[in-house]
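Visitor: Let me give you the structure first, and then I'll get to my questions.
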């Protein structure tokens, strides 16, 4: 995520900030331009319009909306299709936690030039059902179907999420990771599978390449789940997959790869916005060039993206260990995994080029 600055004092502010941590001034995000604006009872004038806080600001939403808009909620709030019942106040509070990560996700998708068509504008459009398995209405299965991403807000509870992580043997489990993974299912559907089904130019070749790398998505998902939980991941899975879960079905392999692509690019952008780089002269015989993370990897070869990430992730892992924590990025990108990331990188760039990189959060 690129750095946001307070419009009142110029200091760095967090993307989820409602007020500046330095001067205390009220602030909000103009999502279309990724700009922070001062917030007052009168709103803020910007880009030939008047902007006011989203009506869910009391639920920690810091996005702004056009005062003339019919709906007083921002896109991130409108794109949520279902929430826990209003009387389930604890679950509603956890929805606010999920929304912090959802807004971060939407900003990143716009940065990459990816289209976000909401569920209420088009059948099969992107939407979110934020439900709670602790509301007494039965289990909630995290997943994607026909554009709708279902999230169990109970996973914002550290003890609940950590218990699941340990029981499943996962090195990493976060709410933002869930959102990035599930939106990978959505984009595989709308960018790879649907265009091929509609016989659009070049779409069949893209689908065939996707199948060659990830496997045939038409394989029975039900059978794949049963096999995975019966026998586990195949021996030597680390050579071709990012995680054991990715081995279950081609859909999961693609979604895991997509999520990691967002992990990599968002973290590198964050480092770039802070001016972090690695001087090759300080690592004689190891680095052959300065490692300078970029704000934007559009047009940059995948090999350079992955090299930047390799060295930056080593630095971040060392920093985490210095604080007594585990590695920030406990994964290995093998050549086979790198080929899959290359497919996602080229797919994102092609979609962004086709749209003129005009995607924005409205």
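In the UniProt record's numbering, the protein residues as written are 1 to 362.
Each residue gets a CB set at the ideal place from its N, CA and C atoms; glycine is no exception.
Per the DSSP calculation, residue 118 is bridged to which residue(s)?
Guide: As a first step, residue 118 must be located in the chain shown, where it is residue number 118. 126, per the DSSP bridge assignment.
Visitor: So, helix, strand or coil for residue 323, using DSSP?
Guide: Your numbering for residue 323 matches position 323 in the chain shown. Three-state result, residue 323: coil.
Visitor: Hey, out of 160, 255, 310 and 193, whose CA is closest to residue 277's CA?
Guide: Here the question's residue 277 lines up with position 277 in the chain shown. Measuring from the Cα of residue 277, the nearest candidate turns out to be 310.
Visitor: Quick one: residues in its chain with C-beta nearer than 7 Å to the C-beta of residue 17, no 5 flanking neighbours on either side, listed in chain order?
Guide: As a position in the chain shown, residue 17 is number 17, starting the count at 1. Excluding residues within five positions, the ones whose Cβ falls inside 7 Å are 27 and 62.
Visitor: Give me whichever residues DSSP pairs with residue 363 in a beta bridge.
Guide: Residue numbering for the chain in the displayed model covers 1 to 362; residue 363 lies beyond these limits and cannot be assessed.
Visitor: Just reading off the alpha helix (DSSP H) that residue 341 is part of, what are its end residues?
Guide: Counting from 1 along the chain shown, the entry for residue 341 is found at position 341. That run of the alpha helix (DSSP H) goes 335-354.
Visitor: Helix, strand or coil: how does DSSP classify residue 178 here?
Guide: Taking the chain shown and counting its residues from 1, the one referred to as residue 178 is at position 178. Helix.
Visitor: Is the CB-CB distance between residue 79 and residue 113 below 8 Å?
Guide: Looking up residue 79 in the chain shown gives position 79. Looking up residue 113 in the chain shown gives position 113. For residue 79 and residue 113, no; Cβs fall outside 8 Å.
Visitor: Residue 148 by DSSP, collapsed to three states: which one?
Guide: Taking the chain shown and counting its residues from 1, the one referred to as residue 148 is at position 148. Of the three classes helix, strand and coil, the one that applies to residue 148 here is strand, per DSSP.
Visitor: In this structure, how does DSSP classify residue 143 when only helix, strand and coil are distinguished?
Guide: Translated into the one-based positions of the chain shown, residue 143 becomes position 143. In the structure shown, residue 143 sits in a strand (DSSP, three-state: E or B).
Visitor: From 267, 174, 150 and 147, pick the residue whose C-alpha is nearest to that of residue 160; which is it?
Guide: To locate residue 160, count along the chain shown from 1; it is residue 160. The residue with the shortest Cα to Cα distance from residue 160 is 174.
Visitor: Short of 6 Å in beta carbon distance, which residues of its chain neighbour residue 105, apart from the five on each side in sequence? Order them along the chain.
Guide: Counting from 1 along the chain shown, the entry for residue 105 is found at position 105. Answer for residue 105: 179, listed in chain order.
Visitor: Go ahead and label residue 36 buried or exposed: buried means 16 or more other beta carbons lie within 10 angstroms of its beta carbon, across all protein chains shown.
Guide: Start at 1 with the first residue of the chain shown, and residue 36 comes out as number 36. Flag for residue 36 reads buried.
Visitor: Could you tell me the distance, in whole angstroms, from the CA atom of residue 129 to the CA atom of residue 292?
Guide: Working through the chain shown from its first residue, we reach residue 129 at position 129. Working through the chain shown from its first residue, we reach residue 292 at position 292. Distance between the alpha carbons of residue 129 and residue 292: 39 Å.
Visitor: Helix or strand or just coil, what does DSSP make of residue 331?
Guide: Numbered from its first residue, the chain shown carries residue 331 at position 331. Residue state, collapsed to three classes: coil.
Visitor: Which runs of the beta strand (DSSP E) spanning at least 3 residues fall entirely within the region 282-327, listed in chain order?
Guide: Entirely contained in the region 282-327, not one beta strand (DSSP E) run reaches 3 residues.
Visitor: Of the residues 14, 290, 8 and 188, which one's Cα is nearest the Cα of residue 23?
Guide: In the chain shown, the residue the question calls residue 23 occupies position 23. If we check each option's Cα against that of residue 23, 8 comes out closest.
Visitor: Is the separation between the beta-carbon of residue 242 and that of residue 331 shorter than 8 Å?
Guide: Along the chain shown, read from residue 1 onward, the residue named residue 242 stands at position 242. Along the chain shown, read from residue 1 onward, the residue named residue 331 stands at position 331. Closer than 8 Å, so yes.
Visitor: Any contact of the region 288-307 with the region 230-245, i.e. 3+ C-beta pairs under 8 Å?
Guide: Too few Cβ pairs lie closer than 8 Å, so no.
Visitor: How is residue 191 classed by DSSP in three states: helix, strand or coil?
Guide: Indexing the chain shown from 1 puts residue 191 at position 191. Of the three classes helix, strand and coil, the one that applies to residue 191 here is helix, per DSSP.
Visitor: Pairing CB atoms from the region 137-149 with CB atoms from the region 42-62, are three or more of them under 8 Å?
Guide: As far as the Cβ criterion goes, the region 137-149 does not touch the region 42-62, which means the pair count is below three.
Visitor: Along the chain, where does the alpha helix (DSSP H) containing residue 260 start, and where does it finish?
Guide: Here residue 260 refers to the residue found at position 260 when the chain shown is read from its first residue. That run of the alpha helix (DSSP H) goes 250-273.
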